[in-house]
Amino acid sequence: MTLHKFVFSPTGGTKKAAAFLCRNWGGKENNIDLTTETSPVVDFKPGDLAVFALPVYAGRLPPAGINRLQALKGKKTPAVALVVYGNRAYEDALLELKNTVNSLGFRCIAAVAAVARHSIVDSIASFRPDLQDSEQLSAFFDKIQDKIRTASNQGFQAPEAGNPGSGTGTDKTLDFYVPGNFPYKEINPVPLVPELTGDCSSCGACARRCPVKAISRDNYAQVDSKKCISCMRCLRICTRKARSLPPEKLQPLAARLEKLCSDRKENELFL
1 MTLHKFVFSP TGGTKKAAAF LCRNWGGKEN NIDLTTETSP VVDFKPGDLA
51 VFALPVYAGR LPPAGINRLQ ALKGKKTPAV ALVVYGNRAY EDALLELKNT
101 VNSLGFRCIA AVAAVARHSI VDSIASFRPD LQDSEQLSAF FDKIQDKIRT
151 ASNQGFQAPE AGNPGSGTGT DKTLDFYVPG NFPYKEINPV PLVPELTGDC
201 SSCGACARRC PVKAISRDNY AQVDSKKCIS CMRCLRICTR KARSLPPEKL
251 QPLAARLEKL CSDRKENELF L
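Mapped onto my numbering, the consecutive letters of the sequence shown carry residue numbers 1 to 271.
So, in structure tokens, the structure goes:
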């Protein structure tokens, strides 16, 4: 039995939440980094479990992350949908991931909306996920494994993929509700492109590790704004802090979000 973790985590918060969730697995793991693996192919075996972990950007999932799952073919493999958001709201993202997972031949049996540090405004949820989150998420994973064992012992089948947005399948035995709307909200990305403003050492890490190849490898100051998804990886990994966001765009956004996101939001668990 293998736990396959598919994680799209440009700044590390989603990866950390996925690690906390699965820390009690104790068996073989296959970790797939969706920021580098653009078309992963896995031969799923009986007894395997898949965890899909993606961040929430403006209430939806990043298309780059969803597109990289399309080559996968589940074999009614039990799966967990995990979305990670910056203490504001996850809106339609969790329903979108659940429906996507089911459409690929997996059977989503549990879902989580977890909180991590905001990818753009560092002061929001700056230490999340924390120890409290870790304990809650790992305890929930134990319940997920109990659900799988119970279903196996009773001969139940995990739910078939239903109509998008319905939250139900043809076999409702193991299905469950998650909030969200279908059709999903329109994707309106935040137009924030980090700029090269400091002392660049020309190490090239930003260009090599950009998950959508938006930074030119010939000129690190050149960023394709149509490709950029404002994930902030380039800004976070620059050891010289040579990249930053335009203050005239960042400051109004930070002021608005800090008002909306001042209270601690708790992880939401669905089984």
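Just so it is clear, CB atoms sit at the ideal spot from N, CA and C, and this is done for glycine as well. Predicted model, so just to flag it, every value in this text is computed and none were measured.
Beta-bridge partners of residue i, as assigned by DSSP
{"i": "Glu-29", "result": "Leu-3"}
{"i": "Glu-272", "result": "With the chain running from 1 to 271 in the structure shown, residue 272 is simply not present."}
{"i": "Ala-151", "result": "Answer is none; Ala-151 lacks a bridge partner."}
{"i": "Val-223", "result": "Ile-215"}
{"i": "Pro-55", "result": "Val-84"}
{"i": "Arg-60", "result": "Tyr-57"}
{"i": "Ser-244", "result": "Glu-195"}
{"i": "Thr-77", "result": "Phe-106"}
Under the three-state DSSP convention, the category residue i falls into
{"i": "Asn-163", "result": "Any reading at Asn-163 is ruled out, since the residue's pLDDT is 47, under 50, leaving its predicted position unreliable."}
{"i": "Glu-258", "result": "helix"}
{"i": "Ile-215", "result": "strand"}
{"i": "Leu-82", "result": "strand"}
{"i": "Thr-239", "result": "coil"}
{"i": "Ala-50", "result": "strand"}
{"i": "Glu-186", "result": "coil"}
{"i": "Leu-250", "result": "helix"}
{"i": "Asn-67", "result": "helix"}
{"i": "Glu-37", "result": "coil"}
{"i": "Thr-11", "result": "coil"}
{"i": "Glu-91", "result": "coil"}
{"i": "Cys-228", "result": "coil"}
{"i": "Arg-23", "result": "coil"}
{"i": "Cys-206", "result": "helix"}
{"i": "Ala-158", "result": "Here Ala-158 scores only 49 on pLDDT, less than 50, and its place in the model should not be relied on; the value that follows carries that caveat. The answer is coil: DSSP assigns Ala-158 none of H, G, I, E or B."}
{"i": "Cys-200", "result": "coil"}
{"i": "Lys-16", "result": "helix"}
{"i": "Leu-174", "result": "coil"}
Option nearest residue i by Cα separation, candidates the options
{"i": "Gly-59", "options": "Glu-96, Trp-25, Gln-136", "result": "Glu-96"}
{"i": "Val-223", "options": "Arg-256, Asp-48, Leu-192, Ser-9", "result": "Leu-192"}
{"i": "Cys-210", "options": "Ala-50, Ala-19, Asp-33, Arg-240", "result": "Asp-33"}
{"i": "Pro-183", "options": "Val-115, Asp-92, Ala-71", "result": "Asp-92"}
{"i": "Ser-225", "options": "Thr-38, Thr-239, Ser-202, Glu-195", "result": "Glu-195"}
{"i": "Glu-186", "options": "Lys-227, Pro-62, Glu-29", "result": "Pro-62"}
{"i": "Ala-64", "options": "Arg-217, Lys-241, Thr-11, Thr-35", "result": "Thr-35"}
{"i": "Lys-241", "options": "Pro-252, Leu-260, Asp-199", "result": "Asp-199"}
{"i": "Ala-139", "options": "Arg-264, Thr-150, Trp-25", "result": "Trp-25"}
{"i": "Val-121", "options": "Asn-219, Cys-261, Pro-46", "result": "Cys-261"}
{"i": "Ala-125", "options": "Arg-149, Ser-152, Ala-89, Lys-98", "result": "Ala-89"}
{"i": "Arg-236", "options": "Asn-87, Thr-77, His-118, Ala-53", "result": "His-118"}
{"i": "Phe-8", "options": "Ala-53, Lys-227, Ala-207", "result": "Ala-53"}
{"i": "Cys-231", "options": "Val-190, Ala-79, Pro-46, Asn-219", "result": "Val-190"}
{"i": "Arg-149", "options": "Ile-215, Leu-131, Pro-78", "result": "Pro-78"}
{"i": "Phe-141", "options": "Pro-246, Lys-213, Tyr-220, Leu-269", "result": "Leu-269"}
{"i": "Ala-205", "options": "Cys-228, Gly-47, Arg-233", "result": "Arg-233"}
{"i": "Ile-229", "options": "Tyr-220, Asp-218, Ala-214", "result": "Ala-214"}
{"i": "Gln-70", "options": "Thr-38, Gly-180, Asn-153, Lys-227", "result": "Thr-38"}
{"i": "Ser-152", "options": "Val-212, Asn-87, Lys-76", "result": "Lys-76"}
{"i": "Asn-219", "options": "Glu-248, Cys-203, Lys-227", "result": "Cys-203"}
{"i": "Leu-94", "options": "Asn-181, Gln-251, Leu-131, Leu-250", "result": "Asn-181"}
Beta-carbon contacts of residue i that lie in its chain and below 6 Å, excluding the five residues immediately before and after
{"i": "Ser-244", "result": "Thr-197"}
{"i": "Glu-135", "result": "none"}
{"i": "Pro-55", "result": "Thr-14, Val-84"}
{"i": "Arg-23", "result": "Ser-138"}
{"i": "Asn-31", "result": "Lys-5"}
{"i": "Ser-216", "result": "Gln-222"}
{"i": "Arg-68", "result": "Leu-34, Thr-38"}
Same chain only: Cβ atoms within 7 Å of residue i, ignoring 5 sequence neighbours per side
{"i": "Leu-271", "result": "Ala-110, Lys-143, Ile-144, Lys-147, Phe-176"}
{"i": "Ile-66", "result": "Thr-100"}
{"i": "Ala-114", "result": "Ala-17, Leu-82, Val-84, Pro-129, Asp-133, Leu-137, Asn-267"}
{"i": "Leu-72", "result": "Pro-40, Val-42, Leu-104"}
{"i": "Phe-20", "result": "Pro-129, Asp-133, Ser-134, Leu-137, Ser-138"}
{"i": "Ser-98", "result": "Reading the sequence as shown, one finds Lys at residue 98 and not Ser. Only Ala-81, Cys-108, Ala-111, Val-178 meet the Cβ criterion."}
{"i": "Thr-11", "result": "Ser-119, Cys-231, Met-232, Arg-233, Arg-236"}
Check: residue i C-beta below 8 Å from any heavy atom of the ligand SAH
{"i": "Lys-76", "result": "Among the components modelled here there is no ligand, and therefore nothing to report on the ligand SAH."}
Beta-carbon proximity list for residue i, same chain, < 8 Å, skipping 5 on both sides
{"i": "Gly-74", "result": "Phe-44, Ala-50, Val-101, Leu-104, Gly-105, Phe-106, Arg-107"}
{"i": "Ser-123", "result": "Ala-254, Glu-258"}
{"i": "Lys-28", "result": "Met-1, Thr-2, Leu-3"}
{"i": "Phe-127", "result": "Arg-117"}
Chain B within 9 Å of residue i, Cβ atoms only
{"i": "Asp-146", "result": "Although the question refers to chain B, the structure presented lacks it and comprises just one protein chain."}
_Please give the ranges of any alpha helix (DSSP H) in the stretch 99-148, keeping only runs that are unbroken, at least 4 residues long and fully inside the region._
The qualifying runs do not exist here; there are none.
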